[in-house]
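Engineer:
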Amino acid sequence: MQRMSIHFSLLQTLRQRKNQGYNAPAYTQSGVSFVVSSNLQPVGLLRRRQRAFVQKIVVVLCAGLMMFLVVSSIIAAQATQIIPVAAHYIAQGAHVTARDVRYVSVPQHTVFQHTLTEHISAKNPLVTTCEIQPGMPILRNSVSHIPSIPEGFTTITVHLASANHTIVPGKYIDLAFSKPTQDSEARDNEPGRNGAKDNKNAQENYEDNPSAIDERYVAIVRHVIVMRIAQNQQSQQNQQNQQNSTTIALPAGDALRMLQAQAANPTLAIVAMKGTD
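If you read the sequence shown in this note's numbering, its first letter stands for residue 963, the second for the next number, and so on.
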């Protein structure tokens, strides 16, 4: 009887704890079932913790969704525009094709008002007037239309002694180069009044304006069209040593004169001057 009373007392105690929220494994001994509990947390407490954890995750997700909607609404309310940027590095004087350009959407701003608005295609060929780094916007003054060669003109490639960073393809320039020695001597010794008169007028003009070009010894070719500007590495070891070649279009007679002067003097210096369109 005493043993039975102990079992019933344990059973009653465990039922009270179970009613308070404890779960414990059940065992059977001498036909009487009882539960042994050792350091077990209440089921209600675990459920409350799980519920709080889920609530935190939901709050974080809602906050992220709210931020995304706010940013999207701000972007949608702000005016944007499509501008062309360089897809990769484009060298000076290179032909610009559709593969060299990609279009991106940017906020509308006055800084992008000078970007290129023309569509780049084979029917609308363009050439760069300066170096363009990857990702840089393509401005209208950084490209130029490839000029067409007028009738009676021919194209030659020359190395300019003057800096060509201000020369733009499609523009007109004047070229000055020294005359061959035999031409200068022949002109000085040319008989007749016309030759002497021309030499005298040229000398007077040079004395009156020392900055003027003495046409007795320098030949000037006017209305030359710049076709293309290219930079070629003269030495791979010296990156700063570059030779600039410029393709120009000019009348055939002027081209022959210039080639003749280069044949007589391989180190002929050709200087570009600003011309009139």
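For each residue, glycine too, the CB sits at the ideal point set by N, CA and C.
Here the structure is a predicted model, which means the values were calculated and not measured.
1) I'd like to know whether the C-beta atoms of Thr-1090 and Val-1066 end up nearer to each other than 8 Å.
2) With 16 as the cutoff for other CB atoms within 10 Å, does Met-1189 come out buried or exposed?
3) So, do the stretch 1108-1127 and the stretch 1208-1220 have three or more beta carbon pairs nearer to each other than 8 Å?
4) Between the C-alpha atoms of Ile-1210 and Tyr-1134, what's the straight-line distance to the nearest angstrom?
5) Here's the rule I'm using: 16 or more other beta-carbon atoms within 10 Å means buried, otherwise exposed. How should Lys-1141 be labelled?
6) Does DSSP put Arg-1178 in a helix, a strand or coil?
7) Who are the near neighbours of Arg-1184 in its chain, counting only those whose CB is closer than 6 Å to its CB and skipping five residues on each side?
8) Is it buried or exposed, Gln-1043, if we count other Cβ atoms within 10 angstroms and call 16 or more buried?
9) Going by alpha carbons, who is nearest to Gln-1075 out of Pro-1099, Ala-1038, Ala-1181, Ala-1049?
10) Leu-1078 by DSSP, collapsed to three states: which one?
11) If you draw a straight line from the alpha carbon of Ala-1038 to that of Cys-1024, how long is it in whole angstroms?
12) For Met-1235, which option in Ala-1225, Ile-1187, Pro-1228, Arg-1011 has the closest C-alpha, if you only look at C-alpha atoms?
13) Go through its chain and collect everything with a Cβ distance to Ile-1111's Cβ below 8 Å, but skip five positions before and after it.
14) Express the C-alpha separation of Gln-1222 and Leu-1078 in angstroms, rounding to a whole number.
15) Determine the contact status of Arg-1061 and Ala-1048, defining contact as a CB-CB distance below 8 Å.
16) Can you give me the start and stop residues for the beta strand (DSSP E) that Asp-1136 sits inside?
17) Can you find the residues in the same chain that come closer than 7 Å, C-beta to C-beta, to Pro-1213, ignoring five residues on each side of it along the sequence?
18) For Ile-1094 versus Ile-1052, is the C-beta spacing smaller than 8 Å?
19) Rounded C-beta distance between Ala-1123 and Ile-1232? I'm assuming under 8 Å.
Structural biologist: Reading it off the structure:
1) One-based indexing of the sequence shown puts residue 1090 at position 128. One-based indexing of the sequence shown puts residue 1066 at position 104. Between Thr-1090 and Val-1066, the C-beta spacing is not below 8 Å.
2) By one-based count along the sequence shown, residue 1189 stands at place 227. That one is buried.
3) Touching, per the Cβ criterion.
4) Translated into positions along the sequence shown, residue 1210 becomes position 248. Translated into positions along the sequence shown, residue 1134 becomes position 172. About 10 Å.
5) Here residue 1141 is taken as the residue at index 179 of the sequence shown, counted from 1. Classification for Lys-1141: buried.
6) In the sequence shown, counting from the first residue as 1, residue 1178 sits at position 216. Looking at Arg-1178 - three-state DSSP - the assignment turns out to be coil, as it is neither helix nor strand.
7) Counting from one through the sequence shown, the residue named residue 1184 turns up at place 222. For Arg-1184, same chain residues with a beta-carbon under 6 Å away, outside a window of 5 residues either side, are Asp-1136 in chain order.
8) In the sequence shown, residue 1043 corresponds to position 81, counting from 1. Looking at its Cβ environment, which holds fewer than 16 other Cβ atoms inside 10 Å, Gln-1043 is exposed.
9) Along the sequence shown, read from residue 1 onward, the residue named residue 1075 stands at position 113. Selection Pro-1099, Ala-1038, Ala-1181, Ala-1049 evaluated against Gln-1075 yields Pro-1099 as nearest (Cα-Cα).
10) For the purposes of this step, residue 1078 is taken as residue 116 along the sequence shown, with counting starting at 1. In the three-state reduction of the DSSP assignment, Leu-1078 falls in the coil class, being assigned neither a helical nor a strand state.
11) The count along the sequence shown starts at 1 and reaches residue 1038 at position 76. The count along the sequence shown starts at 1 and reaches residue 1024 at position 62. Distance between the alpha carbons of Ala-1038 and Cys-1024 is about 21 Å.
12) To locate residue 1235, count along the sequence shown from 1; it is residue 273. Cα-wise, what sits closest to Met-1235 is Ile-1187.
13) Mapped onto the sequence shown, residue 1111 falls at position 149. Only Thr-1117, Ile-1187, Met-1189, Ala-1211 meet the Cβ criterion.
14) Within the sequence shown, residue 1078 is the residue found at index 116, counting from 1. Within the sequence shown, residue 1222 is the residue found at index 260, counting from 1. Roughly 41 Å between the two C-alpha positions.
15) Locating residue 1061 in the sequence shown gives position 99, where the first residue counts as 1. Locating residue 1048 in the sequence shown gives position 86, where the first residue counts as 1. With contacts defined as CB atoms closer than 8 Å, Arg-1061 and Ala-1048 fail to qualify as a contacting pair.
16) Taking the first residue of the sequence shown as 1, we reach residue 1136 at position 174. For Asp-1136, the enclosing beta strand (DSSP E) stretches over residues 1134-1140.
17) Your numbering for residue 1213 matches position 251 in the sequence shown. Cβ within range, chain order: Gly-1114, Phe-1115.
18) Your numbering for residue 1094 matches position 132 in the sequence shown. Your numbering for residue 1052 matches position 90 in the sequence shown. In this structure, Ile-1094 places its C-beta atom within 8 Å of the C-beta atom of Ile-1052.
19) By 1-based counting over the sequence shown, the position of residue 1123 is 161. By 1-based counting over the sequence shown, the position of residue 1232 is 270. Confirmed, Cβ separation roughly 6 Å.
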